[in-house]
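A.B. asks: Take this structure, written in structure tokens, and hold onto it; I'll ask about it next.
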Amino acid sequence: MITKIYWAARIVAYLACFAGIFLYLYHQADADPLVRNRGLALVGTGFVAFFVSYALRAWLRFAPRPRPDGEDPP
């Protein structure tokens, strides 16, 4: 389940960053800065999603593993 959330966060991050950069660069010369600012917000959302995905990856890597039944801890 955590692995699926990890991959979903990665995909959202890539899509948000791509869409944000496209909106920002495409509307940079326009007089209306609203769309350009939304592009920057999407880039920020992408960075947050990348942070979440890296935190989940660290959790998956460093979290204690479940022990088989009947096995004593070292």
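Quick note on numbering: the sequence shown equals residues 121 to 194 in this note's numbering.
Don't be surprised by glycine CBs; every beta carbon is placed ideally from N, CA and C.
As the structure is a prediction and not an experimental result, all values here were calculated from the model.
Counting Cβ pairs, one atom from each stretch, are 3 or more of them under 8 Å apart for the region 173-185 and the region 146-155?
C.D. replies: Because the criterion of three Cβ pairs below 8 Å is not met, the region 173-185 and the region 146-155 do not touch.
A.B. asks: Measure the alpha-carbon distance for ARG158 versus PRO188 and round it to whole angstroms.
C.D. replies: Roughly 50 Å between the two C-alpha positions.
A.B. asks: Rounding to the nearest angstrom, what Cα-Cα distance links VAL160 and ALA183 in this structure?
C.D. replies: Reading off the sequence, residue 160 comes out as Leu, not Val. About 34 Å.
A.B. asks: Whole angstroms are fine: how far does the CA of PRO186 sit from the CA of PHE167?
C.D. replies: Near 32 Å, if we compare the C-alpha coordinates of PRO186 and PHE167.
A.B. asks: Once the 5 residues before and after MET121 are set aside, which same chain residues still bring their CB inside 6 Å of it?
C.D. replies: Contacts found: none.
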